[in-house]
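Trainee: As given, the protein sequences belong to chains A and B, one line each in that order.
Residue numbers for the first sequence follow the working numbering, beginning at -17 and rising by one.
Residue numbers for the second sequence follow the working numbering, beginning at 974 and rising by one.
The structure that follows is given in the form of structure tokens.
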Amino acid sequence: DQQVKQNSPSLSVQEGRISILNCDYTNSMFDYFLWYKKYPAEGPTFLISISSIKDKNEDGRFTVFLNKSAKHLSLHIVPSQPGDSAVYFCAASARGSGNTGKLIFGQGTTLQVKP
Amino acid sequence: DAGITQSPRHKVTETGTPVTLRCHQTENHRYMYWYRQDPGHGLRLIHYSYGVKDTDKGEVSDGYSVSRSKTEDFLLTLESATSSQTSVYFCAITSSLDPMGNEQFFGPGTRLTVL
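Here it is in structure tokens:
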């Protein structure tokens, strides 16, 4: 049972345009969400996160939106740059009592930004 | 960057042989995690540790064991490797279960091939 889903395996956008990566989750106990970026032959690197008490978090060119009623979050990259080409993973965590820091990851979306 | 190293970085082994992967951190962080990354599955948690000698299972723990005798080292052992354990293995750490976030920092990964 996939609790965190990224239904688009790949996305291609033109440099300078907006990239929108989507993620859906099923477990209503999740209260913290993260996005990671991964280049080939490297470990994932943390990009941005959002708590369930917010619906938006922004960090430079990256913005994450959370729609709790739809159990959906998205990552917006504006403007997209060729260096953003990577695999993006969505992850979720339930930080209630007994929090162990475990993250549940989606399958990943490969973003290609064309010059 | 978090001080996390993994060894070996690449390994090819034969079915039925034991394999041990090592994760070493220089951050003195309490929590450590082992994930495997496979196409179509994203990252899946194998085992995690919340302190020296304190470990617990993740979602795909069958066929794996772990040990943590020192804060800085977290070992993942495949007692008898199978071809289904061919994967890329990532170690991650997090400093605490700070209510502000559960960001994990990942090592560079170990690519394991079981023939």
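A virtual CB, placed ideally from N, CA and C, is assigned to each residue, including glycine.
With a threshold of 6 Å on Cβ separation, who are the neighbours of A:I32 within its own chain once the five nearest residues in sequence on each side are excluded?
Mentor: Once the five neighbours on either side are set aside, the close Cβ partners of A:I32 are F15, N39, V46, L48.
Trainee: Using alpha carbons as the reference points, say which of B:R1017, B:A1054, B:S1038, B:P1012 lies closest to B:T1086.
Mentor: With distances taken between Cα atoms, B:T1086 lies closest to B:A1054.
Trainee: For B:Q998 and chain A, any beta-carbon pair shorter than 8 Å?
Mentor: No, B:Q998 does not count as interfacial toward chain A.
Trainee: Considering only the beta carbon of each residue, do A:S(-10) and A:D13 sit closer than 8 Å?
Mentor: Result no, Cβ atoms of A:S(-10) and A:D13 do not sit closer than 8 Å.
Trainee: Tell me whether the beta-carbon of B:T1002 lies closer than 8 Å to the beta-carbon of B:T1067.
Mentor: The question names Thr, yet the displayed sequence has His at residue 1002 of chain B. Yes.
Trainee: So is B:L1018 in contact with chain A if we call contact Cβ pairs under 8 Å?
Mentor: Cβ-Cβ to chain A under 8 Å: yes for B:L1018.
Trainee: Bridge partners of B:F1047, per DSSP?
Mentor: B:F1047 pairs with B:C996.
Trainee: Mind checking who A:N39 pairs with in its DSSP beta bridge?
Mentor: Its beta-bridge partners are A:V46.
Trainee: At which residues does the beta strand (DSSP E) containing B:R1017 begin and terminate?
Mentor: Unbroken beta strand (DSSP E) run through B:R1017: 1015 to 1024.
Trainee: Just list the residues that DSSP pairs B:T1083 with in beta bridges.
Mentor: B:Y1062, per the DSSP bridge assignment.
Trainee: Taking C-beta pairs closer than 8 Å, name the residues in chain B that A:P64 reaches, listed in chain order.
Mentor: By Cβ distance, chain B contributes nothing, its closest Cβ being about 23 Å from A:P64, past 8 Å.
Trainee: Answer with buried or exposed for A:Q(-4), where buried requires no fewer than 16 other C-beta atoms within 10 angstroms of its C-beta.
Mentor: A:Q(-4) is exposed by the Cβ-count criterion.
Trainee: Using only CA atoms, which one of A:V(-14), A:L3, A:Q(-12), A:Q(-16) lies nearest to A:S67?
Mentor: Checked all of A:V(-14), A:L3, A:Q(-12), A:Q(-16); the closest Cα to A:S67 is A:L3.
Trainee: Spell out whether any CB of chain B is found under 8 Å from the CB atom of A:L16.
Mentor: It does: the Cβ of A:L16 has a partner Cβ on chain B nearer than 8 Å.
Trainee: Can you name the residues that DSSP bridges to A:A68?
Mentor: DSSP, once it has assigned bridges, lists A:L93 as partnering A:A68.
Trainee: Indicate the three-state DSSP secondary structure (helix, strand or coil) for A:S10 in the structure shown.
Mentor: Here A:S10 sits in coil by DSSP.
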